Amino acid sequence: MTRRIYFDNSATTFVLPEVAEAMQPYLTEFYGNPSSVHSFGQKARAAVEDARRKLALSIGADPSEIVFLSGGTEANNLAIRGIAQAQADKGRHIITCQFEHPAVLNTCAALEKQGWRVTYLPVYKDGLVRVEDLLEAITDETVLITIMHANNEVGTVQCIEEIGKVVREIRLQRRNIFFHSDAVQTFGKLPINVKQLGVDLLSISGHKIHAPKGIGALFVRKGVRLVTQSTGGHQERDRRAGTENVPGIVALARAAELAVANLDAFAHIRYLRDYLEDEISRLIPDVLLNGHRERRLPNISNITFKHVDGEGLLISLDLKGIAVSTGAACSSGSTEQSHVLAAMGLDKELIRGSLRFSFSRFNTLDEVNYLIQVLPEIVERLRKLSPRWSHAR
Amino acid sequence: MTRRIYFDNSATTFVLPEVAEAMQPYLTEFYGNPSSVHSFGQKARAAVEDARRKLALSIGADPSEIVFLSGGTEANNLAIRGIAQAQADKGRHIITCQFEHPAVLNTCAALEKQGWRVTYLPVYKDGLVRVEDLLEAITDETVLITIMHANNEVGTVQCIEEIGKVVREIRLQRRNIFFHSDAVQTFGKLPINVKQLGVDLLSISGHKIHAPKGIGALFVRKGVRLVTQSTGGHQERDRRAGTENVPGIVALARAAELAVANLDAFAHIRYLRDYLEDEISRLIPDVLLNGHRERRLPNISNITFKHVDGEGLLISLDLKGIAVSTGAACSSGSTEQSHVLAAMGLDKELIRGSLRFSFSRFNTLDEVNYLIQVLPEIVERLRKLSPRWSHAR
Amino acid sequence: MTYSAKVLEHFEHPRFVGELTHPAVSVEVVNSACGDRIKLSILAEGSIIKAAAMKAVGCPPTIASASVLCEMLIAKTLSEVAKIGAVQIEAALDGLPKNKRHAAVLAAEAIQEALEKICHEVRTSS
Amino acid sequence: MTYSAKVLEHFEHPRFVGELTHPAVSVEVVNSACGDRIKLSILAEGSIIKAAAMKAVGCPPTIASASVLCEMLIAKTLSEVAKIGAVQIEAALDGLPKNKRHAAVLAAEAIQEALEKICHEVRTSS
Ligand SMILES: Cc1ncc(COP(=O)(O)O)c(C=O)c1O
Ligand SMILES: Cc1ncc(COP(=O)(O)O)c(C=O)c1O
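Protein chains in written order, with the numbering used here: chain U, 1007 to 1399; chain S, 1007 to 1399; chain Y, 1091 to 1216; chain R, 1091 to 1216.
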């Protein structure tokens, strides 16, 4: 059998054995409905509230500020729609940036159809939002600023803290402006403290940090009013109806604990990533490293291989047992070009030859060496096949 | 340790070992993101599509008609909001009934605030909707009829097939009327065929049939247009964005298979339920059996014990190791009276003395006998405590 | 379980269940929102409470509150009893869940109403 | 893997890679939507195809389509070749995922364009 190496941890991660173990009893033994009064229910309730405390602790929030829901997409939907609808009579202007995740962009687009105005800040070649642009975009009508903490394709980390300060200052004049950040890619990878970041809302997804798919959370600062997007029972203090996913919630909290306890591991991950980039630059001609060199996550590398097609690279690597991604996981199944790289000014031909390598703390130097061993040949083989390669040289 | 007996299977169920086993590999081994092109992703994609086929088969639907989402509440929200918004320019009238689950009622109420008109059909003393009432309520503005298949507190089963015929007949005149049914309590307990029922949309929840919490599905008949309530990636044919909960989806399909294969077990469950009701009627004076005697689920019994408080009964039984519920699980944590029994015309005093016993195919006669052994004493003890009991006798 | 061991103990084994007859005074208080009901009888001799009895229907905290209240009353003076409020009753039960505090409030109402009745009788008989 | 073994085999080991020079004809077709590109050269003697060569950039199905196409051409008559369309190319690859059929379409375009060029040359030289 071929070796299986997974360098696609920004798309999703495996569930840690410790995490699977933590959730297991809540599947088969303590399976009560947290809303039930009897002891089966109270046991489940206690687990949910214990998880809420743990997750809150991991981002410096109060337990009452955590809303559990089904994932990062739902968190972004609830944050954006929830604030927009709650503030609809105060103002209908939202500011975001051009290369947000589709869960933000398409939600903003849906609101545009309903009469909201949305400003999409540029991200420039380095993949970074400029505070000056933000300041210019803010009007009296602005009720929501939503800027992702780190981008999922190139890993660049935005100046959330600075934006938080801007928002806090405006709030001295008027109370109806809120700041949301999609931290799906940073939670568990960078230290996060919601007070220090100055965010009012923050999205988290379990399956990016070795918890299962189908669980996520939204931090909602105390006093921030949201219109719920899921009506029904009174779960999650009326912010999200539906029987709580108890095993998922327990797993998310456990994974969060483990991630935060192992933030140090990102020094190792950064080393692997930088080593990969150095070796690729050394061994393969005509490559571009995308995104700001410093202000980015330690676990993502986005590289353009000129004159080849990313899917060809991806499939060739897959046949060698190595999983990587071309652009965002959710769009690589379609023929859409990465909107992230497009926003950063890369032209079509460069975008199509781009790969994302994303690491977890469980990847090894040995695995990276294997990649470096097979990749140059693959690139060369595909380039030689291209009718344009000889011209280009 | 006290014995643990669970008679609250309408609130939630334990995850079957077979189901937990089926999902396990998709947590730790085949953990890819179904949107990923590499083999980790394709393995996950195949599992999702296989599960979709299985679930579709179990209700006589086409796989493309199944939307996976986070539970029954989300299914009801998507069905009702999705149709209402898609048909907003055709008509803004919805018909439902008074004792639907809060996920339906509160969603209808939210739409009322946004300008929709909602008719709540009465359910009478027997807990059944009348087709005559429905016919009278339908207007040219009616775009959605949403009537639950069986009620979660009293188990009465509505005449879905007849309503389906009504809707199909109207559709000969005009195309913009749709029929949704919340089948969260019936799926896996009654045989369901969506074509025979004549529904356009049908809600399903995993945790009521021994799959985990946090997974559900909505059947959406081919050609029925919905406005998605979760924007982002293109998952589920643009009907529900968000990384698919692969282990949950696999578990739901497995649990559905097992439930449908074991529908026969409901003869046993009916026997237990009827035995319980007979014995309680024989041993305890002043009880009422709620809901139509025939047209109801075989696994639910709702009984009023006059002159006592349901929570007192519930806690007393819990101290003996038996879990039951007072009214709907999601409202028993609050002091709200059951809206279901109120809709059936029970007065406050009778509602408060009501318990729901709900069985699964894993309950035994022995467990029921234990209940019958302890319950009469408990009722008597509490009644003797009541200042009203001596008067009442 | 959300209830303290004390609540459960009083709920399962309530003290002083019953009704006292004349010359004891009896009051019955109802929480109209949820229908909880406590009937309290107390017998005072001079300014000392000699006997107390209760009946109650309602959730476990209501029964426990009525029970623990009777326990608190015996051998107390009327002016000591005047100081018993919901807070004292709740404390005697080692606390109640937030959404169940109304049970202690109802029991406190019962004793205050009974006190008034005693005072009224004393005043009208003197 | 969504691709057939045949697609993967042709993608990993494409046949007839290269370019032919005069008197072979060469065409280059591009899918402007996704940028896939196939360069096809064929050498006909009389009405028989004697040699074919391709270069391609694009997703694996594009490379496989170009490769399998060359295989299909050798020793065929021009009128046989005229019948090769996307359906035939896709079939030769044991099928393609629905969203990848454009690869076979592009390869079919290449051969049809090449045929036209040959016919044109024959006509203008005669
Ligand atoms: C930045 C970002 N936001 C949101 C999401 C969506 O999260 P989920 O897959 O949990 O819906 C993702 C992952 O797909 C992401 O990378
Ligand atoms: C009839 C009915 N509909 C909907 C729901 C909600 O389902 P879920 O708990 O999966 O959100 C329930 C259960 O709580 C139910 O009994």
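Glycine included, C-beta positions come from ideal geometry on N, C-alpha and C. Keep in mind it's a predicted model, so treat the numbers as computed, not measured.
Asked: Ala1257(U): CB within 7 Å of a non-hydrogen atom of ligand 1; Found: no
Asked: Neighbour-count burial assignment, Val1330(S), 16 or more Cβ in a 10 Å radius; Found: buried
Asked: Contact under 8 Å by Cβ, His1186(U) with Leu1203(U); Found: no
Asked: Helix, strand or coil at Cys1209(Y) according to DSSP, with G and I counted as helix; Found: helix
Asked: Contact with chain Y by Ser1392(S), beta-carbon distance below 8 Å; Found: yes
Asked: Whole runs of the beta strand (DSSP E) within the stretch 1149 to 1204 of chain U, excluding any shorter than 3 residues; Found: 1184 to 1188
Asked: Beta-carbon proximity check, His1099(U) vs Val1025(U), cutoff 8 Å; Found: no
Asked: His1213(S) beta carbon near ligand 2 (any heavy atom closer than 7 Å); Found: yes
Asked: Reduced DSSP secondary structure (H/G/I, E/B, other) of Ala1141(R); Found: strand
Asked: 8 Å Cβ cutoff met for Ile1210(U) and Ala1265(U); Found: no
Asked: Interfacial residues, the stretch 1038 to 1065 of chain S to chain U, with Cβ spacing under 7 Å; Found: Gly1038, Asn1039, Ser1041, Ser1042, Val1043, His1044, Ser1045, Phe1046
Asked: Rounded C-alpha distance that separates Ala1146(R) from Val1097(R); Found: 14 Å
Asked: Sufficient close CB pairs (3 or more, under 8 Å) joining the stretch 1142 to 1162 of chain U to the stretch 1297 to 1310 of chain U; Found: yes
Asked: Where Thr1370(U) falls, given that 16 or more other Cβ within 10 Å makes a residue buried; Found: exposed
Asked: Chain R contact for Glu1386(U) (CB, 8 Å cutoff); Found: no
Asked: Under the three-state DSSP convention, the category Arg1059(U) falls into; Found: helix
Asked: Helix, strand or coil at Gly1222(S) [DSSP, three-state]; Found: strand
Asked: Unbroken stretches of the beta strand (DSSP E), 3 residues or longer, contained in the stretch 1282 to 1355 of chain U; Found: 1293 to 1295, 1306 to 1311
Asked: Terminal residues of the alpha helix (DSSP H) in which Glu1383(U) lies; Found: 1371 to 1391
Asked: Closest residue to Ala1156(Y) among Val1195(Y), Lys1173(Y), Pro1187(Y) (Cα-Cα distance); Found: Val1195(Y)
Asked: Check: Asn1015(U) C-beta below 7 Å from any heavy atom of ligand 1; Found: no
Asked: Three-state class that DSSP yields for Lys1129(Y) in the structure shown; Found: strand
Asked: Cβ-Cβ distance between Ala1052(S) and Gly1222(S) below 8 Å; Found: no
Asked: Chain Y contact for Glu1242(S) (CB, 8 Å cutoff); Found: no
Asked: Below-8 Å beta-carbon distance, Ser1338(U) vs any chain R residue; Found: For Ser1338(U), the predicted model reports a pLDDT of 35, less than 50, meaning its position is unreliable; a value from the coordinates is still stated below. Chain R, which has no Cβ nearer than 8 Å to the Cβ of Ser1338(U), makes this no.
Asked: Contact shell at 5 Å, judged by CB to any heavy atom of ligand 1, ordered along the chain; Found: Gly1077(U), Gly1078(U), Thr1079(U), His1107(U), Ala1109(U), Asn1158(U), Asp1188(U), Val1190(U), Gln1191(U), Ser1211(U), Gly1248(S), Thr1249(S)
Asked: C-alpha distance - Ile1139(R) paired with Val1226(S), whole-angstrom precision; Found: 53 Å
Asked: Closest Cα partner of Leu1130(Y) within the set His1210(Y), Ala1141(Y), Asn1189(Y); Found: Ala1141(Y)
Asked: Bounding residues of the beta strand (DSSP E) (the contiguous stretch that carries Ser1366(S)); Found: Counting along the chain, Ser1366(S) falls outside any beta strand (DSSP E), and DSSP gives it neither H nor E.
Asked: Exposed unless 16 or more other CB atoms sit within 10 angstroms - verdict on Val1385(U); Found: buried
Asked: Nearest-angstrom Cα separation, counted from Glu1118(S) out to Pro1150(R); Found: 53 Å
Asked: Rounded straight-line distance, which links the Cα of Val1172(U) to that of Pro1197(U); Found: 21 Å
Asked: Length at least 3, wholly inside the stretch 1097 to 1150 of chain S: the beta strand (DSSP E) runs in chain order; Found: 1099 to 1103, 1123 to 1127
Asked: Asp1401(U) burial status per 10 Å Cβ neighbour count (16 or more: buried); Found: For chain U, the structure presents residues 1007 to 1399; residue 1401(U) sits outside this window and is missing.
Asked: Cα-Cα separation between Phe1106(R) and Cys1160(R), rounded to whole angstroms; Found: 7 Å
Asked: Phe1363(U) versus Gly1351(U), Ile1328(U), Lys1354(U), residue with shortest Cα-Cα distance; Found: Ile1328(U)
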